[in-house]
Structures are given as C-alpha cells and as structure tokens.
Ligand SMILES: [Zn+2]
C-alpha cells in the first residue's frame with residue numbers, strides 16, 4: 005500500500021483539525037510507521053507536535069537499560085514479578101544494567117518519535133529508572149516535576165489537573181499509560197519492580213503499572229468523547245484525559261478484571277487480585 009508522503013506542515017494541519025492548540029497539554033503515544041512516509045521522519049512529527057500543542061508529554065521508559073529481576077526470595081503478594089533464580093544470576097543482571105542518566109535512549113518499544121524528541125528538542129526528562137517521561141513546552145517542567153520515585157504516574161495527574169488530553173497517533177489504547185492512573189487509584193496494578201540505582205546498588209520501586217494489552221476494549225466507551233482525524237495514513241485520536249479516567253474508573257468499579265485478560269500466568273491476574281484485596285479492605 006502506497007500513501008502520499010506527509011510533511012511537518014501537513015501533520016501540523018492535521019493536528020489543528022483534530023482540535024489541538026497552543027493552550028493544550030497532551031500525552032502523545034505514537035507510531036511513526038502508521039503515518040506512511042513522513043518527509044523528515046520522526047523529527048518532523050515532533051516539530052509539528054511542538055508547534056501546535058502548547059505542552060507535549062511522552063513516555064520515555066528506560067526499563068530495558070535499568071530494570072532488574074526481583075532478587076531471589078523477594079516475593080511480594082500479587083506482584084507477578086520475574087524473580088532471579090539465584091544471587092549470582094541477580095548479581096550478573098545488576099552488573100549488566102545501566103544506572104539511569106538523562107542521555108539514556110528511550111525504550112525501543114515506545115517507538116522512534118519519543119527518541120527523536122529526546123535527541124532534537126531538548127525536552128525535560130524525569131529520572132525514574134523504569135518509567136521516565138519527557139516533555140517540552142510551556143508546562144513541561146511542572147509535569148516532569150510531578151513524578152516521584154514512589155509515584156511514577158505523577159505527570160499524568162498533573163496533566164489531568166491541566167485538563168490535558170491523550171493523543172494517539174497510529175496506536176490504540178493499549179499504549180495509553182494514563183489508564184493505569186485510573187486502575188492504581190482503585191488499588192489495582194500497583195506492582196513492585198526492581199532497578200539499578202547506582203553501580204552495584206539496586207532499589208525496589210513501588211506503584212509500577214501492569215499490563216495494558218487488553219486496554220483497547222475501552223475504545224467503544226470512549227468514542228463519544230474522542231475526536232478523530234486522518235493524518236497521512238495515520239489514524240489520530242484525541243480524548244480528554246478526564247474522560248479516559250472517568251470511563252476506566254466506571255468499568256473497573258463494575259468489574260475488578262475490566263480491561264484485563266484472564267490468563268492466570270499474566271500480570272493481569274495479579275492486578276485483578278490486588279483490586280479484589282482493595283475491595284475487601286475498604287470500610288463499609
Ligand atoms: Zn494479561
């Protein structure tokens with residue numbers, strides 16, 4: 005399938021048609037390939053985003069560089085972590101892991117657009133070794149400062165307070181990190197994970213989100229709140245974060261396992277068990 009090449013100007017026009025504007029803060033999840041051919045590549049997409057949207061936030065990860073298995077014997081309830089087989093295996097993983105620094109490349113699974121933002125647009129970046137985020141624009145510093153080592157989704161809460169939106173560029177809601185905020189507020193998918201802190205030193209990080217591979221089941225529920233536009237070959241969707249959170253909250257209140265799979269070996273099962281435990285603890 006051939007598509008007409010799109011330019012930064014064409015992408016900017018598409019974003020404006022979608023309703024993006026300079027007063028707006030957006031969390032962007034993206035696939036460069038979804039656009040077809042982009043003149044100037046990932047940097048052209050970042051150029052359009054930074055010209056049209058006042059504040060641009062993206063996930064940056066780094067778990068592939070900094071992440072570790074759980075140390076042997078450290079098994080928390082409903083945590084679904086990969087546990088190292090032995091202390092020597094753990095020591096090997098610790099020796100191979102790279103401590104976080106601001107120049108680390110962005111997790112490959114997040115696509116090439118966040119990496120282009122990191123390389124070419126001097127974004128602010130938070131220093132969480134597993135869930136770092138990057139942002140440019142007017143409120144970038146505020147969003148990034150909202151992340152703490154014990155509260156990685158802080159920037160999304162700050163985005164919610166700014167009436168921000170989720171912008172999906174050629175990806176679906178399985179990429180929408182913001183939905184984890186709704187489940188964590190209900191006591192679900194708050195995992196403990198492990199990362200190198202400094203050479204030879206590791207730490208345990210709480211409130212790491214879980215699996216999202218069934219999150220696209222929210223799409224029909226969000227359709228009434230979502231604007232959609234084709235940009236080149238890319239399906240672009242814009243949904244206010246407050247609506248995403250309200251709908252996810254409603255679905256999870258109705259069913260602890262909403263937006264999760266039923267495979268007992270998946271992290272989804274541990275996430276649902278956490279939610280059920282939270283219900284059991286709740287007063288009244
Ligand atoms: Zn699952």
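Residue numbers (this note's numbering): 5 to 288.
Ideal Cβ positions, reconstructed from N, Cα and C, are used throughout, including at glycine.
Cβ-Cβ distance between residue 19 and residue 56 below 9 angstroms: For residue 19 and residue 56, yes; Cβs fall inside 9 angstroms.
Once the 5 residues before and after residue 52 are set aside, which same chain residues still bring their CB inside 7 angstroms of it? Around residue 52: 12, 15, 16 and 19.
Test item: CB-CB of residue 170 and residue 33 under 9 angstroms: Going by C-beta atoms, residue 170 is nearer than 9 angstroms to residue 33.
Quickly, what does DSSP pair residue 138 with across the bridge? List them, please. Answer is 62 and 129, bridged to residue 138.
Given 8 angstroms as the limit, is there contact between the region 79-86 and the region 152-165, that is, 3 or more CB pairs closer than that? When Cβ pairs closer than 8 angstroms are counted between the two stretches, the region 79-86 is seen not to touch the region 152-165, the count staying below three.
Of the residues 85, 197, 279 and 21, the one placed nearest residue 188, counting alpha carbons only: For the residues 85, 197, 279 and 21, the minimum Cα distance to residue 188 belongs to 279.
Tell me whether residue 176, by its Cβ, gets closer than 8 angstroms to a heavy atom of ligand 1. Result no, Cβ not under 8 angstroms from ligand 1.
Please enumerate, following chain order, all residues with a beta carbon closer than 5 angstroms to at least one heavy atom belonging to ligand 1. Those residues that bring their Cβ nearer than 5 angstroms to a heavy atom of ligand 1 are 215, 265, 270 and 272.
Runs of 4 residues minimum, wholly inside the region 143-211: which ones carry the alpha helix (DSSP H) assignment? Listed in chain order, they are 144-149, 158-165 and 182-189.
By how many angstroms is the C-alpha of residue 8 removed from the C-alpha of residue 194? If you take the alpha carbons of residue 194 and residue 8, they lie about 43 angstroms apart.
What is the residue span of the alpha helix (DSSP H) that residue 118 lies within? Per DSSP, residue 118 belongs to the alpha helix (DSSP H) from 116-124.
Keeping to the same chain, check which residues put their C-beta closer than 7 angstroms to that of residue 229; ignore five residues upstream and five downstream. Correct list, in chain order: 243, 244 and 247.
Of all the options 165, 166 and 183, which has the alpha carbon lying nearest to the alpha carbon of residue 172? Taking only the C-alpha atoms, the option nearest residue 172 is 183.
For residue 239, write down the residues that DSSP places opposite it in a beta bridge. For residue 239, DSSP records a beta bridge to 234.
Integer Cβ distance of residue 121 from residue 127, believed to fall under 8 angstroms: A Cβ-Cβ separation of about 5 angstroms places residue 121 in contact with residue 127 under the 8 angstroms criterion.
Could you pull the DSSP bridge partners for residue 31 from this structure? In DSSP, residue 31 forms a bridge with 61 and 170.
Under the assumption that residue 289 contacts residue 76 (Cβ atoms under 8 angstroms), give the Cβ distance between them as a whole number of angstroms. Absent from the structure is residue 289, since the part of the chain shown begins at 5 and ends at 288.
Go to residue 278, then tell me how far its alpha helix (DSSP H) extends in each direction, as first and last residue. Looking at the DSSP string, the run of the alpha helix (DSSP H) that includes residue 278 is 271-285.
Pull up the CB-CB distance for residue 63 and residue 114, whole angstroms please, since I reckon it's below 8 angstroms. Residue 63 to residue 114, Cβ: 6 angstroms. Contact.
Residue 276 versus 67, 263 and 285, residue with shortest Cα-Cα distance: Taking each of 67, 263 and 285 in turn and checking the Cα distance to residue 276, the smallest one comes out for 263.
My output table needs one value for residue 19: the three-state DSSP class, helix, strand or coil. If DSSP states are grouped into helix, strand and coil, residue 19 belongs with the helices.
So who's on the other strand from residue 72, going by DSSP bridges? Paired residue(s): 198.
Less than 8 angstroms between the CB atoms is what I'm expecting for residue 58 and residue 28, so what's the real figure, rounded? In this structure residue 58 touches residue 28 by the C-beta definition: roughly 5 angstroms separates them, less than 8 angstroms.
Residue 69 to residue 219, Cα distance in whole Å? One C-alpha to the other measures close to 26 angstroms.
Please report the straight-line C-alpha distance between residue 141 and residue 161, rounded to a whole angstrom. Each residue's Cα considered, the two are about 17 angstroms apart.
Residue 43 burial status per 10 Å Cβ neighbour count (16 or more: buried): So residue 43 ends up on the exposed side.
When the distance is taken between beta carbons, is residue 116 closer than 9 angstroms to residue 38? Not a contact, by the Cβ cut-off of 9 angstroms.
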